[in-house]
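Novice: This is the structure I have questions about; it appears just below.
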Amino acid sequence: MPGLTWRERADRRGAPVCARVCPVRATEKQWPRGQVWAEAGARERRHEAEADDVAVETAEEAKEPAEADINELCRDMFSKMATYLTGELTATSEDYKLLENMNKLTSLKYLEMKDIAINISRNLKDLNQKYAGLQPYLDQINVIEEQVAALEQAAYKLDAYSKKLEAKYKKLEKR
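Residue numbers (the working numbering): -6 to 168.
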């Protein structure tokens, strides 16, 4: 809006720069012509002087949205923030549900393993009892095995003695 005074630009936008951030829409009648107007006028004169001296294109100030737009933007922001937080909380809730299910499954697996361990322990006790019942027979087998080994040694000695005796007999027979 080159060529317009700061008041014309403010009127065109609806309010001076300082009034646009206030919740109530300000007009010239509502704002005193004090320091705010003086500062804005001084800035405007500086910009006009610079524009006359040098052909520089100046940027237009960002236009503040109207109060209704701000309210709508705030509602939109809060709506989107609520959606985001709802999503985050839902994701966290789902994570906890997943952990709960995993804990339940792990608990069931440990119960199954406990049952298996109990069965193994019971079977081991049964085997130990059967082994204890067989122990006298196993001892008898060990005794018999020792006797067989001694008998085998006696048989080898007897065989060796009979071979010596046969050799002596043949020797005597030859004479």
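Glycine included, C-beta positions come from ideal geometry on N, C-alpha and C.
Predicted, not measured: the structure shown is a model, and the values here were computed from it.
Could you spell out where the alpha helix (DSSP H) holding Arg115 opens and where it closes?
Specialist: Segment 60 to 167, the alpha helix (DSSP H) holding Arg115.
Novice: State the Cα-Cα distance for the pair Met106 and Ser114, rounded to the nearest angstrom.
Specialist: When rounded, the distance between both Cα atoms is 12 Å.
Novice: To the nearest angstrom, how far is the alpha carbon of Lys164 from that of Lys156?
Specialist: Their Cα atoms are separated by approximately 12 Å.
Novice: Distance check for Lys90 and Asn64, CA to CA, integer angstroms please.
Specialist: Computed Cα separation, rounded: 38 Å.
Novice: Look at the alpha carbon of Arg13 and the alpha carbon of Glu93, and state the distance between them as a whole number of angstroms.
Specialist: Only weak support exists for where Arg13 lies, its pLDDT of 41 falling under 50; the value from the coordinates is given anyway. Approximately 53 Å, taken between the alpha carbons.
Novice: Considering only residues of the same chain and omitting the five flanking positions on each side of Ala61, which have a CB-CB separation below 6 Å?
Specialist: Excluding sequence neighbours, Ala61 sits near nothing in its chain.
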